[in-house]
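In this note's numbering, the protein residues as written are 59 to 376. All C-beta atoms, glycine included, are put in the ideal place defined by N, C-alpha and C. What you are looking at is a predicted structure, and each value in this text was computed from that prediction instead of being measured. Below: the structure, in structure tokens.
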């Protein structure tokens with residue numbers, strides 16, 4: 059959705075100021091699977107959920123490539139690229155083929171790493187189902203010292219979410235690259251991507267980046283809840299996020315599930331994790347004041363400076 063938390067919150071403000079109908083491109087939010095996950099949780103099938111694990115095998119080709127050098131060597135700008143415009147508001151760098159095509163994701167100046175690439179897909183289901191909100195702390199473990207230029211190839215991020223009313227605190231683990239979660243009992247091999255939520259009664263497991271194939275683990279446990287699992291109290295979305303948005307625009311359907319009120323909070327979680335990976339530091343987050351309490355110097359990543367000629371929404375904060 060954006061490169062830093064200030065931008066994300068500004069987009070949310072702009073949506074309300076200008077009355078714009080919005081949706082983020084986390085298409086999994088319109089699937090049947092994400093609704094099943096929320097329905098099963100709210101029906102009490104899982105019991106209390108205090109622990110979630112999500113993982114991906116990224117960073118990997120073709121989106122992430124270990125750079126030959128950091129900083130990368132300067133190269134000739136191709137004729138079909140307006141390099142100044144492409145860089146947007148960030149500080150100016152010399153062009154390199156290490157950035158394009160696709161490979162900008164791993165460079166912190168332009169992308170937000172693997173978590174920024176995949177997190178809004180993989181974390182969407184637990185974030186929505188459990189109504190997680192914003193974490194108060196984020197811990198990180200890296201296989202190598204943090205690199206301020208390029209994302210690492212293994213990271214384990216732990217988000218700490220406080221209690222929400224009657225719902226207990228939740229610890230959400232994110233693993234990327236060579237970092238992997240514990241296998242569930244009876245699981246032969248971990249798939250490339252997946253998620254499981256550990257409840258006091260049952261475990262919910264989903265294979266893949268998108269919430270398309272949820273099941274209880276082991277699958278045989280689903281036989282104990284046939285009547286409950288058949289219930290479908292949540293409205294279904296046909297046609298994916300584009301049709302969902304068009305229907306809202308034409309007043310033919312409800313507002314999008316991943317409108318910027320929702321999407322901005324999900325993205326803020328992802329960006330906090332990316333900041334922890336980038337800095338290699340555990341973070342204590344004061345969301346109300348938008349400050350990393352134990353590292354206020356990281357404020358330059360919360361609201362990044364822009365180069366001359368650029369601005370992004372300061373007027374919306376007045």
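Output yes or no for whether 9 Å exceeds the beta carbon distance between residue 170 and residue 329.
Residue numbering aside, residue 170 sits at position 112 when the chain shown is read from its first letter. Residue numbering aside, residue 329 sits at position 271 when the chain shown is read from its first letter. Yes, Cβ-Cβ distance for residue 170 and residue 329 is below 9 Å.
Over the uninterrupted alpha helix (DSSP H) stretch that includes residue 167, give me the two end residues.
Position 109 of the chain shown holds residue 167. That residue, residue 167, is in no alpha helix (DSSP H); it is neither H nor E in DSSP.
Which first and last residues belong to the alpha helix (DSSP H) in which residue 184 is found?
Position 126 of the chain shown, counted from the first residue, corresponds to residue 184. Segment 182-187, the alpha helix (DSSP H) holding residue 184.
From this set, 317, 89, 231, 66, which residue's C-alpha is nearest residue 268's C-alpha?
Sequence index remark: in the chain shown, residue 268 carries index 210 (1-based). Among 317, 89, 231, 66, the Cα nearest to that of residue 268 is on 89.
In DSSP terms, what residue 253 is bridged to
Here residue 253 is taken as the residue at index 195 of the chain shown, counted from 1. 112, 264.
What are the boundary residues of the alpha helix (DSSP H) that residue 99 is part of?
The residue given as residue 99 occupies position 41 in the chain shown. Per DSSP, residue 99 belongs to the alpha helix (DSSP H) from 90-100.
Could you spell out where the beta strand (DSSP E) holding residue 232 opens and where it closes?
By one-based count along the chain shown, residue 232 stands at place 174. Per DSSP, residue 232 belongs to the beta strand (DSSP E) from 228-235.
When we look at the beta-carbon of residue 51 and count the other beta-carbons within 10 Å, is it buried (16 or more) or exposed?
Nothing about residue 51 can be reported from this structure: the residues present for the chain run from 59 to 376 only.
According to the Cβ coordinates, are residue 125 and residue 183 closer than 9 Å?
Numbered from its first residue, the chain shown carries residue 125 at position 67. Numbered from its first residue, the chain shown carries residue 183 at position 125. No; because the gap between Cβ atoms is not below 9 Å, this pair is not in contact.
Apart from the five residues just before and just after residue 254, which ones in its own chain have a Cβ nearer than 7 Å to its Cβ?
Walking along the chain shown from the start, residue 254 turns up at place 196. Hits under 7 Å: 111, 242, 261, 262, 263, 275.
Would you list the residues sitting across from residue 273 in a DSSP beta bridge?
Taking the chain shown and counting its residues from 1, one reaches residue 273 at position 215. Note: residue 273 sits in a beta bridge opposite 263.
As assigned by DSSP and simplified to three states, the class of residue 418:
For the chain, the structure presents residues 59 to 376; residue 418 sits outside this window and is missing.
How many angstroms separate the CA atom of residue 332 from the CA atom of residue 180?
Sequence index remark: in the chain shown, residue 332 carries index 274 (1-based). Sequence index remark: in the chain shown, residue 180 carries index 122 (1-based). Their backbone Cα atoms lie some 15 Å apart in a straight line.
Where the beta strand (DSSP E) through residue 209 begins and ends:
Position 151 of the chain shown holds residue 209. Run containing residue 209: none; DSSP gives neither H nor E here.
Would you call residue 143 buried or exposed, if buried means 16 or more other Cβ atoms sit within 10 Å of its Cβ?
As a working mapping, residue 143 is identified with position 85 in the chain shown. Looking at its Cβ environment, which holds fewer than 16 other Cβ atoms inside 10 Å, residue 143 is exposed.
In its own chain, which residues sit with a C-beta less than 7 Å from the C-beta of residue 222, not counting the 5 before and 5 after it?
Taking the chain shown and counting its residues from 1, the one referred to as residue 222 is at position 164. Correct list, in chain order: 189, 191.
Let me check understanding here. Comparing Cα to Cα, which of 224, 206, 239 lies closest to residue 216?
Position 158 of the chain shown, counted from the first residue, corresponds to residue 216. Comparing Cα positions, the closest option is 239.
Rounded C-alpha distance that separates residue 178 from residue 186:
Numbered from 1 along the chain shown, position 120 holds the residue referred to as residue 178. Numbered from 1 along the chain shown, position 128 holds the residue referred to as residue 186. Rounded to the nearest angstrom, the two C-alpha atoms are 11 Å apart.
Go through its chain and collect everything with a Cβ distance to residue 335's Cβ below 8 Å, but skip five positions before and after it.
Walking along the chain shown from the start, residue 335 turns up at place 277. For residue 335, where only same-chain residues beyond five positions count, the Cβ hits under 8 Å are 171, 173, 198, 200, 204, 209, 210, 213, 215.
What residue from 318, 86, 113, 312 has the CA that sits closest to residue 74's CA?
Locating residue 74 in the chain shown gives position 16, where the first residue counts as 1. Closest option to residue 74, Cα to Cα, is 318.
Determine contact between the segment 63-81 and the segment 289-306, defined as no fewer than three beta-carbon pairs at a distance below 8 Å.
yes
Helix or strand or just coil, what does DSSP make of residue 219?
Within the chain shown, numbered from 1, the residue matching residue 219 stands at position 161. Strand, per DSSP.
According to DSSP, residue 195 sits in a beta bridge with which residue or residues?
Here the question's residue 195 lines up with position 137 in the chain shown. Looking at the DSSP assignment, residue 195 forms a beta bridge with 218, 342.
Quick one: Cα of residue 352 to Cα of residue 137, how far?
Translated into the one-based positions of the chain shown, residue 352 becomes position 294. Translated into the one-based positions of the chain shown, residue 137 becomes position 79. Distance between the alpha carbons of residue 352 and residue 137 is about 46 Å.
DSSP three-state label for residue 349, please.
Start at 1 with the first residue of the chain shown, and residue 349 comes out as number 291. Reduced to three states, the DSSP call for residue 349 is strand.
So which of 226, 249, 228, 224 has the shortest CA-CA distance to residue 235?
For the purposes of this step, residue 235 is taken as the residue at position 177 of the chain shown. Measuring from the Cα of residue 235, the nearest candidate turns out to be 249.
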